Amino acid sequence: IGNKSGVEPGCVIGDNCQIGDDCHLYPRVVLYDNVELKNRVILHSGVVVGSDGFGYAEDNGSIRKVPQIGKVTIENDVEIGANTTIDRGALEKTLIGEGSKIDNLCQIAHNVILGKNCVIIAQSGISGSTKLGEGVIMSGQSGAVGHIKIGSFSVIGAKSAVTRDVPEKSHYTGIPAQEHKKWLKEIALLRKLDEIYERLKKENKND
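Numbering (our numbering), first residue to last: 63 to 269.
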């Protein structure tokens with residue numbers, strides 16, 4: 063545990079953990095084994111870092127657990143909100159990039175890589191092995207499937223579900239997520255469906 067770092071009551075720190083300088087762990091933070099916090103990391107109450115990833119395989123009709131033996135590294139100046147969970151990597155590591163901010167009640171799965179200065183807003187989830195570039199914003203209650211890439215400086219709209227790669231500097235919204243401008247056009251058309259339906263019904267009666 064580094065200089066000027068504080069660990070409040072009820073925290074649990076596993077074996078082989080490293081905590082850098084000027085970190086603060088609020089009450090009831092749990093670090094499983096092999097978690098590394100760099101400097102000036104803030105973890106709010108109820109954060110769990112390094113729990114097993116959701117890794118299972120079918121075996122003759124049974125579901126078997128795949129051992130999760132990786133680690134978690136949280137880089138400098140990261141702040142993580144209350145009751146957020148970050149899973150350890152399956153074989154390698156889960157990485158939270160420098161300067162990133164994660165809100166309350168978020169889920170970061172195994173082997174996820176967050177670039178620098180990402181912002182993950184409340185109740186968002188990122189599935190395993192997905193990579194976010196630098197400066198990505200995921201708005202509230204958004205999610206991403208596993209094994210995709212979200213390019214740097216992209217924005218994911220609230221309640222969106224990202225199911226494929228997103229280019230850099232993009233704005234994607236919807237379920238499944240698509241370019242924001244296209245999504246706006248579709249929503250505008252949907253709102254007119256009732257009017258269009260009534261007009262067509264009237265025209266058919268006249269025929």
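Glycine is no exception: its CB is placed at the ideal position from the N, C-alpha and C atoms.
Keep in mind the model is a prediction, meaning the values are calculated, not measured.
Whole angstroms is fine: what's the gap from residue i's alpha carbon to residue j's?
i	j	result
L194	N173	11 Å
K244	P229	15 Å
S232	P238	15 Å
C180	Y88	22 Å
T135	N122	35 Å
G177	I142	15 Å
S204	V140	20 Å
A144	K267	59 Å
I258	D227	35 Å
H86	G151	23 Å
K264	L251	19 Å
Take residue i as the anchor and find which of the options has the nearest alpha-carbon.
i	options	result
T147	Y94, L262, V198	Y94
N78	G68, D84, V97, P89	V97
V110	C73, I81, E230	C73
F116	S214, H106, P129	P129
V37	G208, V198, R226, A223	With the chain covering only 63 through 269, there is no way to say anything about residue 37.
G208	K247, E196, T225	T225
E154	I63, K133, N145, G202	K133
A223	N145, S113, Q80, G187	G187
If you run the structure through DSSP and keep just helix, strand and coil, what is residue i?
i	result
Y234	strand
D61	There is simply no residue 61 to check, as the chain begins at 63 and stops at 269 in what is shown.
E257	helix
I183	coil
H106	coil
L252	helix
E120	strand
H86	strand
L167	coil
Using C-beta distances below 7 Å, list every residue in its chain close to residue i, excluding the 5 sequence neighbours before and after it, in chain order.
i	result
K66	D83, D84
I182	I164, D165, C168, M200
I125	Y118
A220	S201, G202, Q203, S204
Quick one: residues in its chain with C-beta nearer than 8 Å to the C-beta of residue i, no 5 flanking neighbours on either side, listed in chain order?
i	result
N138	G82, K100, N101, R102, V103, E160, G161
Can you name, in chain order, every residue of its own chain whose Cβ lies under 6 Å from the Cβ of residue i, other than the five neighbours on each side?
i	result
I170	I148, I188
S282	The structure shown does not extend to residue 282, since the chain spans only 63 to 269, so no value can be given for it.
Just to confirm, does residue i get its C-beta within under 7 Å of one of the non-hydrogen atoms of the ligand ADP?
i	result
L93	The ligand ADP is absent from the structure shown, which contains no ligand whatsoever.
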